[in-house]
Amino acid sequence: MSTTSKLQYSTFATLGVSFLWPWNSLLLAVPYFNRRLGDYPTLQRTSASNIMLISTLTSSLLFIYFVFKKTKENTNSTAIYSRRIILGELIIALAFVILAVSCLFNTSGNQLLYFFFVMLVIFVATIGTALTQNGSFAVANLFEPIYTQAIMVGQAVAGILPSVVYILSQQGNKSSSSDNNDSGRTEDNTGQEGQRAIYSGSIFFSFIVSSLVSVLALCLYNLLAQKMPERLPSLGNFFSQGRTNIYSMVSLDQTSRARDPSNHPHSDEPEAEILAVPANNAISPFQLVYQRLRIPALNIFLTFSISLLFPVFLPVVKPINSDYDQLIFSSFALFMWNFGDLVGRVICGVGFFAAAPHSSKFYLSYAVARFGFVPLFFLCNINGKGALLNSDLWYMLLQFLFGLTNGHLSTRIMMQASTINHDKYESPRSDSDTFLPLEEPDDERKKAEREATGSFMTLAISLGLTCGSLFSFILVYII
1 MSTTSKLQYS TFATLGVSFL WPWNSLLLAV PYFNRRLGDY PTLQRTSASN
51 IMLISTLTSS LLFIYFVFKK TKENTNSTAI YSRRIILGEL IIALAFVILA
101 VSCLFNTSGN QLLYFFFVML VIFVATIGTA LTQNGSFAVA NLFEPIYTQA
151 IMVGQAVAGI LPSVVYILSQ QGNKSSSSDN NDSGRTEDNT GQEGQRAIYS
201 GSIFFSFIVS SLVSVLALCL YNLLAQKMPE RLPSLGNFFS QGRTNIYSMV
251 SLDQTSRARD PSNHPHSDEP EAEILAVPAN NAISPFQLVY QRLRIPALNI
301 FLTFSISLLF PVFLPVVKPI NSDYDQLIFS SFALFMWNFG DLVGRVICGV
351 GFFAAAPHSS KFYLSYAVAR FGFVPLFFLC NINGKGALLN SDLWYMLLQF
401 LFGLTNGHLS TRIMMQASTI NHDKYESPRS DSDTFLPLEE PDDERKKAER
451 EATGSFMTLA ISLGLTCGSL FSFILVYII
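Residues 1 to 479, numbered by UniProt numbering, are exactly what the sequence shown covers, in order.
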């Protein structure tokens with residue numbers, strides 16, 4: 001693998017880390033948020049579901065908007081997606097700095113106001129993650145499928161590292177608190193306040209790291225863009241064209257080509273019409289993508305709809321061993337799910353798992369079968385009422401396998417979608433049953449379809465997550 005290829009893989013992997021790390025940081029912070037909402041039991045019980053709903057619903061609405069905007073304008077510019085990546089990373093970094101700063105203030109007298117503040121910041125952060133996710137998959141589809149896998153692996157890494165960072169920071173804060181007690185501070189003075197400081201310090205550190213990861217991803221992407229200026233706009237281009245609408249901008253070469261009459265010898269329309277109206281009966285890249293990716297999109301939708309049920313069990317499944325700290329126990333369970341997710345994604349690029357061909361119908365059956373994990377969680381020690389299988393190991397194994405199947409299935413589906421043969425689908429036929437002339441060169445058409453593939457599949461992922469978050473509210477009350 002060349003130096004540029006390594007940089008490409010590292011960049012896309014880091015982008016994958018950057019837009020999923022915030023999600024996992026928020027899930028880890030649920031017990032912390034619950035402690036700060038002590039006067040509102042209903043908000044405590046539904047805090048995880050509220051976070052998931054705000055995040056997934058916002059993402060879904062944005063992805064629908066992106067698809068509608070792209071279809072309406074029929075533009076094919078990679079610059080649009082690159083600018084989404086850059087803007088998204090900036091928003092994520094700023095939002096999590098704000099969340100980190102909020103950990104330094106006592107809001108016990110304004111708990112409801114704090115809840116709405118957190119939801120608002122999560123809403124803003126989700127806009128950033130949606131922009132980055134949409135742009136990342138669209139740009140990755142311009143390269144080999146291995147770079148799509150890099151994003152998926154990065155997402156899995158983002159599931160593991162926040163748990164590790166949180167557990168280590170919490171243990172470090174506990175050690176510091178213990179040293180202070182040994183220095184003469186009484187337990188009465190440090191008990192409750194000490195615990196609050198421990199959790200606040202851990203979450204503060206977790207949120208700051210989330211911001212730093214976004215900054216790192218932005219730097220790597222800018223470095224890659226500088227090495228490939230003919231394909232990717234850099235950070236400098238973003239700021240130099242800051243007044244331009246990032247959702248409707250087309251690249252200069254497309255604009256000049258569209259305005260050149262020699263490229264449209266049979267057109268009698270004004271120049272403005274050339275950009276605004278496609279050829280008669282022309283079909284947009286998203287319509288073509290929808291025709292061939294309906295089943296893969298359904299598969300990824302089902303996969304994430306089912307997977308998003310696992311966070312509901314994190315705060316309610318109690319350790320069999322009463323000596324375990326609940327927060328660390330929940331964090332380790334999240335770690336096991338994400339570790340399985342990472343293993344599942346990595347093996348998709350290795351040996352048999354990379355070469356094994358499977359049909360979309362096989363993946364559909366695979367996705368539906370994963371729902372069988374949900375009743376197995378009810379065998380665990382939910383709310384301390386006892387477990388049919390009296391072992392914490394069973395619960396951790398269950399989380400690992402649930403994550404493993406999510407990582408493997410989702411990555412295989414996304415890689416399958418990115419390798420769809422674009423030559424297989426021709427331009428639509430006119431009434432005379434002859435192929436319509438393309439407004440763009442064939443490679444431009446394929447490029448547009450590959451970009452549309454990334455956007456369409458991220459929309460399916462987001463809709464699946466939204467559906468899962470809505471169902472999680474029902475599951476909360478069942479539990």
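Beta carbons are placed, not taken as given, at the ideal position from N, Cα and C, and that holds for glycine.
- Judged by DSSP secondary structure, H408 falls within the alpha helix (DSSP H) whose first and last residues are 392–418.
- Listed as beta-bridge partners of I382 by DSSP are V317.
- Runs of the alpha helix (DSSP H) lying entirely within the region 15–73, each at least 4 residues long, are 30–35, 41–45, 47–73 in chain order.
- The three-state secondary structure of Y324, taken from DSSP, is coil.
- Secondary structure at A100: helix, using DSSP grouped into helix, strand and coil.
- Here T107 carries a coil assignment [DSSP, helix/strand/coil].
- For F373 and L398, the gap between their C-alpha atoms comes out near 8 Å.
- Distance from the CA atom of M336 to the CA atom of C348, rounded to whole angstroms, is 19 Å.
- Here G464 is near S305, since their CB atoms are less than 9 Å apart.
- Contact between the region 85–101 and the region 214–223 is present, with at least three C-beta pairs closer than 8 Å.
- Note on geometry: alpha-carbon atoms of F362 and I461 lie some 19 Å from one another.
- Going by C-alpha positions, W23 is about 8 Å away from S55.
- The residues N134, S455, in chain order, have a CB closer than 7 Å to that of F66 in the same chain once the five nearest residues on each side in sequence are set aside.
- Collapsing the DSSP output to three states places F143 in coil.
- Assignment of M228 by DSSP, reduced to helix, strand and coil, places it in the coil class.
- Assignment of L94 by DSSP, reduced to helix, strand and coil, places it in the helix class.
- If you draw a straight line from the Cα of A452 to the Cα of W394, it is about 42 Å long.
- Ranked by Cα distance from L470, the first of L20, L409, L53 is L53.
- Measuring C-alpha to C-alpha distances from V97 to each of I127, V209, V165 identifies V209 as the nearest.
- Within the same chain, Cβ atoms closer than 7 Å to the Cβ of N390 are found at I320, the five residues on either side in sequence being excluded.
- A Cβ-Cβ contact shorter than 9 Å links L62 with I127.
- Here V213 carries a helix assignment [DSSP, helix/strand/coil].
- With contacts defined as CB atoms closer than 9 Å, G16 and V157 qualify as a contacting pair.
- CA-CA distance, S359 to T42, rounds to 44 Å.
- Assignment of I479 by DSSP, reduced to helix, strand and coil, places it in the coil class.
- Just measuring C-alpha positions, the residue of I474, L120, P145 sitting nearest T419 is P145.
- Look at L376 here: in three-state DSSP terms it is helix.
- Residue state for A387 is assigned as coil, using DSSP reduced to three classes.
- As the crow flies, the alpha-carbon of S25 is around 6 Å from that of P162.
- Using a Cβ distance threshold of 9 Å, T148 and L20 do not count as a contacting pair.
- Minimum Cα-Cα distance from L120 among the listed residues L99, M396, L142 corresponds to L99.
- Apart from the 5 residues on each side of it in sequence, C467 sits with its Cβ closer than 6 Å to the Cβ of S305 in its chain, given in chain order.
- Closest in C-alpha terms to N299, from the list L131, F205, R412, comes R412.
- Exposure of V101 is indicated by the presence of fewer than 16 other C-beta atoms within 10 angstroms of its C-beta.
- Per DSSP, S365 is one residue of the alpha helix (DSSP H) stretching across 360–369.
- The beta carbon of T303 lies closer than 6 Å to those of A367, L409, S410 in the same chain, with the five residues before and after it left out.
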